[in-house]
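Inspection log for the structure reproduced underneath, given as structure tokens.
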Amino acid sequence: MSTYFPSGKGLAENRKWFVVDAKGKTVGRLATEVARILSGKNNPAYTPFLDMGDHVVVINARHALFKGSKNDQKVYRYHTLYPGGLRETSVKDMFATKPERVIELAVKG
11 MSTYFPSGKG
21 LAENRKWFVV
31 DAKGKTVGRL
41 ATEVARILSG
51 KNNPAYTPFL
61 DMGDHVVVIN
71 ARHALFKGSK
81 NDQKVYRYHT
91 LYPGGLRETS
101 VKDMFATKPE
111 RVIELAVKG
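When you line the sequence shown up against the numbering used here, it's residues 11 to 119, in that order.
Have a look at this one:
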């Protein structure tokens, strides 16, 4: 008996669009759900070496939640590549300006 391996043909045309509502959901659980859809693991014919992921649109990102004291203590850092260029932004500030960026960073890991 031979093993079935799906070919990469026609995968781009068969991608579905998912709309995920972030209202009232914790950011970590939401990121796990979105990452699973993007990687294609929700598909029964999932194959690790093929890009079988679907498209995801997250709505109401501003209403996602952090549990506990993460809203006050969690900090995102990036470097500008200049000396002394380490920049920090708290979750509270980032939610006020760019709530979609918080979801993106959580999904990317």
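Idealized CB from N, CA, C, for every residue including glycine.
Per DSSP, ARG97 is one residue of the beta strand (DSSP E) stretching across 96-100. Under DSSP, HIS65 forms a beta bridge with TRP27. Taken atom to atom, the span from the alpha-carbon of SER100 to that of LYS108 is near 12 Å. Taking 8 Å as the cut-off, the beta carbon of ILE113 is found no closer than this to the beta carbon of ALA55. Just measuring C-alpha positions, the residue of GLN83, LYS51, VAL68 sitting nearest LYS102 is GLN83. Cβ contact annotation for GLU98 (same chain, cutoff 6 Å, sequence separation greater than five): VAL85, ARG87, in chain order.
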